Every structure is written in C-alpha cells, then in structure tokens.
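Taking it in order: structure first as structure tokens, then the write-up.
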Amino acid sequence: MTVSPRSTLITGIGQLVTNDPAAGPGILGTIDHAAIVIEGGTIAWIGPEREAPTADESLNVAGHAVLPGWVDSHTHLVFAGDRAAEFTARMAGEPYQAGGMRASVEATRATDDETLAQLVTDRIADMHAAGTTCIETKTGYGLTVPDEARGARIAAQAGVDEVTFLGAHVVPIEYDDDRGAYLDLVCGPMLDAVKGEARWIDVFCETGAFDEAESRRVLAAGRAAGLGLRVHGNQLGPGPGVRLAVELGAASVDHCTYLSDADIDALASGSTVATLLPATDLSTRQPPAPGRRLADAGAPIALATNCNPGTSYTASMPLVIALAVLQCGLTTAEAVHAATAGGARALRRDDVGVLKVGARADVQVIDAPSIDHIAYRVGGVGARAVWRAGRRVA
Ligand code: NIG
C-alpha cells in the first residue's frame with residue numbers, strides 16, 4: 164500500500180500563478196522562483212524557493228509552470244451515448260437545434276445505473292488528467308423524477324464538487340402537448356427528489372427550450388427550495404437569459420454568445436458571472452462570445468468546457484482557454500484567470516481557483532514553462548502532475 168506523504172514541497176517552478184493579488188503582480192498574482200508546500204488537503208506554505216521549509220517529500224518540476232487546478236464550472240457529464248451523426252450533419256449544414264438533446268435523454272434513460280456511473284467516473288478521471296480539479300455538473304438528460312434523481316445521485320457519488328439540477332433542460336417528448344404539466348413536475352416532485360444532492364438549479368432559457376416566464380417559474384421554485392441560481396442564456400440568439408439572471412442575482416449566466424450592450428452593462432454592474440463556453444460556439448458554428456467586450460466593461464468572466472454530447476464533447480480546459488484567447492479576444496492572463504478564479508467565483512467558492520495558504524490544495528504542473536504556451540500551442544499543453552485536495556490524481 165502506498166502511503167501519501169503528509170507534506171510535499173514543490174520546487175523548480177518556472178512560473179507560479181497564485182490568483183492572489185497580495186502575492187504578486189497582475190490579476191494572476193504571479194511569483195518567480197517560488198516554492199509551494201502541500202500538506203494534508205491544503206496549501207501550507209508559498210514563498211521564495213530559497214526560504215522554503217522542508218517537507219516529507221519534495222518534487223523539482225524542472226522549470227514547468229504551476230497553477231491552480233482548472234475550475235470547470237459548467238459541464239453535463241451524466242449522459243450515455245453520443246451524437247456524432249448529429250455533429251456530422253451539422254457540419255454539413257444542418258442547424259443546431261436544442262431538440263437533439265432528446266436523443267441523449269433516450270440513451271441515458273436506457274442505461275443501467277452501474278454503466279452510467281462508470282461513464283461519469285471515467286469522464287472525471289479524464290478531466291483530472293487534464294488539470295481540472297473542481298467540477299460542476301448538471302442533471303438534465305433524465306427528465307423524469309427517478310432519472311433526474313439518479314443523475315444527481317450518480318454525480319454526487321462520483322465526486323463532482325457541485326451538482327446542478329437541470330430538469331428544465333428541454334421538455335421531454337412525452338410532455339410535448341402539455342408543457343405546463345412538465346413544469347409542474349420540475350418545480351414540484353423532481354425538485355424535491357434532487358435537492359439533497361443539488362446545490363444549484365439551472366434553466367435553459369432559449370427559444371426552443373424555456374421562455375422567460377417559464378424560466379422565472381423554475382428559478383423561483385429552486386430558490387424557494389434553497390438552491391442557488393444558474394441560467395443558460397443567450398446561446399443561440401439574443402434573448403432574456405442574461406437580463407433575467409442578473410435581475411435574480413444568479414451566480415452565473417452561461418454561454419453569453421449573443422449579448423446586447425444592455426446585457427453587457429448589466430453583467431458589468433451586477434454580481435452574476437458571465438461564463439463563456441467557447442468550445443460550444445466552435446462546435447455549433449456560432450460566432451465567438453464577446454469576451455473582449457465583457458472584459459473591457461469590467462464584467463466578471465468564467466470559462467468552462469460545457470462538456471456534453473451535443474454541443475461540446477470536450478473536457479479540455481486548455482482548449483477552452485486557447486479558444487477564449489484566439490477567438491473571444493481575451494488575453495492569456497485573462498483567460499487563465501477566468502478558467503480558475505473566474506470559475507470559482509461562478510460557483511461562489513473561495514477555496515479553489517487560488518493558491519494561497521489555507522486554500523484547497525488543487526494544484527497542477529503544466530507541460531510548459533509559462534501560461535503563454537496554452538494558447539500558443541492551441542490547447543496542446545497538458546498537465547504533468549495534478550493534486551486535488553492534496554491528493555495526487557494525475
Ligand atoms: O449547453 N444549452 C443547453 N445544453 C447544452 C446542450 C446539450 C445538448 O445539445 O445535448 C449546451 O449546449
């Protein structure tokens with residue numbers, strides 16, 4: 164049996180990104196010639212390498228950069244099957260329609276618990292290997308009371324950090340003629356069945372999914388049940404999602420591909436994080452989300468993969484960062500911040516996305532000397548070593 168060392172000293176760091184403005188310059192609080200000590204599940208020490216204390220184990224990372232683990236604040240990991248044929252048809256000119264989700268609903272419902280749990284576990288392992296250490300995931304491919312409850316339970320048991328109830332993902336086919344009855348289910352028995360595991364409620368507020376009044380109803384029910392609010396908004400066209408999210412004080416509004424000036428002003432003056440999902444825009448041939456306009460306005464920004472079988476079948480945060488730089492106009496520093504501290508803010512957490520004494524020891528050594536390589540090598544920079552809550556996961 165391997166016994167984990169009680170403390171690990173990391174030295175030889177090419178560039179240390181802390182996201183702690185007290186630790187160093189810029190939004191990334193970068194420190195040169197730094198060392199870091201992980202002890203138990205937290206960061207025990209950070210400072211100049213020449214002053215580093217001893218530890219049970221030490222690791223020289225030979226000039227590679229060290230960062231907080233990625234915080235992937237928007238994923239849909241609880242699904243079975245794939246939609247490669249739909250993707251291929253889309254690349255041949257078919258439009259993306261939210262209705263494609265029903266194929267994933269059918270495949271997910273038809274999969275037994277053990278198989279579904281293994282799929283989620285495998286996806287989490289892939290994410291850890293790529294440097295992601297804090298994961299949010301949503302239900303939303305079950306859409307019956309038992310299937311949504313199962314999705315929430317599997318996600319929680321698989322060890323994701325945050326579970327979001329997304330019964331209001333799309334109206335399932337059996338409720339085509341009675342949307343109201345489906346909303347009654349979502350806001351009543353389905354919500355009751357998931358609220359032990361879920362911390363958040365989300366709604367897909369978009370033409371073809373749920374309109375503003377329906378979205379309000381879902382979010383109000385979630386809030387009354389004690390859940391925090393998240394919104395999918397402005398993904399496929401302009402719409403009320405962003406305005407609604409800001410008005411209701413949602414923690415995050417996600418996609419934000421089609422934003423009016425008023426949407427950007429609202430995001431800049433409120434506390435709702437604009438979570439951009441650039442791999443989705445790429446995979447659905449939408450224009451890139453206006454990251455530069457948001458950053459210039461001072462809006463809080465997060466980046467996430469939106470890993471799902473329909474619009475973004477990737478778990479790679481480095482790819483997302485590269486797209487945010489190359490297509491959305493963020494600087495590399497802004498994108499790295501959004502993929503770490505921004506994600507933490509979107510999840511209203513202060514223990515992840517930052518490297519400082521007392522924070523959760525979510526640490527990655529990337530396969531490059533500096534963050535500049537992440538966009539430069541177009542997402543090809545992986546992780547050489549990853550700790551989640553002090554435990555080596557890759
Ligand atoms: O974020 N927008 C809603 N949900 C997913 C799409 C899911 C699907 O097509 O299966 C998204 O893009």
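Residues 164 to 557, numbered by the numbering used here, are exactly what the sequence shown covers, in order.
We put the CB at the ideal spot given by N, CA and C, even for glycine.
From a predicted model like this one, the values you see are computed outputs, not experimental measurements.
Relative to ligand 1, the beta carbon of histidine 196 is positioned no closer than 7 Å to any heavy atom. Look at glutamine 527 here: in three-state DSSP terms it is strand. Aspartate 355 sits in a helix when the DSSP states are folded into three classes. Judged by DSSP secondary structure, isoleucine 364 falls outside any alpha helix (DSSP H) and instead within the beta strand (DSSP E) spanning 363–368. DSSP places cysteine 297 in the strand class (E or B) of the three-state scheme. Its chain contains Leu240, Val241, Ile317, Ala318 and Ala321 as the residues whose beta carbon lies nearer than 7 Å to that of valine 283, once the 5 sequence neighbours on both sides are disregarded; these appear in chain order. Assignment of alpha helix (DSSP H) within the segment 203–288, counting only whole runs of 4 or more residues, yields 247–254 and 264–272 in chain order. A distance below 8 Å separates the beta carbons of alanine 292 and alanine 557.
For serine 475, the distance from the CB to the nearest heavy atom of ligand 1 is below 7 Å. Just so you know, the alpha carbons of leucine 390 and phenylalanine 328 end up roughly 9 Å apart. In this structure, ligand 1 has no non-hydrogen atom nearer than 7 Å to the beta-carbon of glycine 402. Distances from the CB of glycine 263 to the heavy atoms of ligand 1 include at least one below 7 Å. Segment contact: the segment 490–498 against the segment 524–531, fewer than three CB-CB distances shorter than 8 Å; contact not assigned. When DSSP reads this structure, leucine 172 sits in a beta bridge with Val200 and Ser221. When C-alpha distances from proline 472 are compared across Ala288, Ile206, Thr447 and Leu486, the shortest belongs to Thr447. Nearest neighbour of alanine 509 by Cα position, chosen from Thr438, Val200 and Asp289, turns out to be Thr438. With at least 16 other beta carbons inside 10 angstroms of its own, glutamine 178 counts as buried. For threonine 435, the three-state secondary structure derived from DSSP is coil.
No heavy atom of ligand 1 is found nearer than 7 Å to the CB of threonine 370.
Taking every protein chain shown into account, the CB of glycine 294 has 16 or more other CB atoms within 10 angstroms, so this residue is buried. For glutamate 325, there is no enclosing alpha helix (DSSP H); the residue is found in the beta strand (DSSP E) stretching over 325–331.
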